[in-house]
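Residue numbers (the numbering used here): -10 to 233.
Structural data, given as structure tokens:
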């Protein structure tokens, strides 16, 4: 029984734990491997004056087939995975409370074992640690909201999740996409990423593959000779007493 950590789809892997592996690339992607999906139409200039979208990636495009996750080696079924971003609000020019209205994330691949959709959870909170560290300290997270979701099957797609919370301008906002163990259900999921650069790191956690604490995607990728994988995840909200 083999448990492997990280490898390219066609390369050898480093061992991490029996039967589980974090593997780069879309499952059965075929000719679409590495295909760039452009960002959605629309310009931020059309947004209401008080509305803002927090983003840490240079591009919102999705490079299909370049993501990785923790999953079962022989079936490709996803084990428990989490993906994170931490937004220091002052770095985004926010000087008053931010009233969050939605979280958006990109999907490299989502294939449910049955029913055409699989569960996940969006969690938001504040993070009391310094920005940009290689790992996150879970004891410094204060939860302020969560929404259970059903992720439809797709590749190179995006999902918008309405969620409301208020965060002080002096805080750092942490957003987590939690994907439960899909071994029994036969689910496969990998978050959408690209390699165009980011202003702050995204993080991942996969306990079955030995990644116990949230660790930067770049650190995990570099340790196992995978390419850059910048998580495409944004938060939209507004400042002031009401959205325009």
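Yeah, the Cβ is synthetic: ideal placement off N, Cα and C, and Gly gets one too.
Can the beta-carbon of residue i be found less than 8 Å from the beta-carbon of residue j?
i: residue 161; j: residue 116; result: yes
i: residue 91; j: residue 152; result: yes
i: residue 109; j: residue 57; result: no
i: residue 40; j: residue 225; result: yes
i: residue 47; j: residue 217; result: no
i: residue 136; j: residue 163; result: no
Kindly list the residues whose CB is nearer than 7 Å to the CB of residue i, restricted to its own chain and excluding five residues on each side of it in sequence; keep chain order.
i: residue 61; result: 8, 9, 68 and 172
i: residue 133; result: 113, 114, 115 and 154
i: residue 149; result: 91 and 93
i: residue 143; result: 96 and 99
Within the same chain, show all residues whose beta-carbon is closer than 6 Å to that of residue i, passing over the 5 residues directly before and after it, in chain order.
i: residue 165; result: 71, 73 and 112
i: residue 155; result: 86 and 88
i: residue 181; result: 51, 95, 96, 97 and 221
i: residue 84; result: 158
Looking at the secondary structure, which residues open and close the alpha helix (DSSP H) in which residue i lies?
i: residue 135; result: From DSSP, residue 135 is part of no alpha helix (DSSP H) but of the beta strand (DSSP E) over 130 to 141.
i: residue 206; result: 206 to 212
Pull up the distance between the alpha-carbon of residue i and that of residue j, whole angstroms please.
i: residue 194; j: residue 204; result: 6 Å
i: residue 128; j: residue 65; result: 32 Å
i: residue 54; j: residue 209; result: 17 Å
i: residue 179; j: residue 100; result: 9 Å
i: residue 146; j: residue 43; result: 19 Å
i: residue 104; j: residue 177; result: 13 Å
What residues in its chain sit with their C-beta under 8 Å from that of residue i, if we drop five residues either side in the sequence?
i: residue 120; result: 75, 77, 80, 161 and 189
Taking residue i as part of the beta strand (DSSP E), name the residues at either end of that continuous run.
i: residue 108; result: 106 to 116
i: residue 197; result: First-last for residue 197: undefined, no H or E at that position.
Task: Cβ contact (3+ pairs, closer than 8 Å) linking the stretch 80 to 90 and the stretch 57 to 72 - done: no
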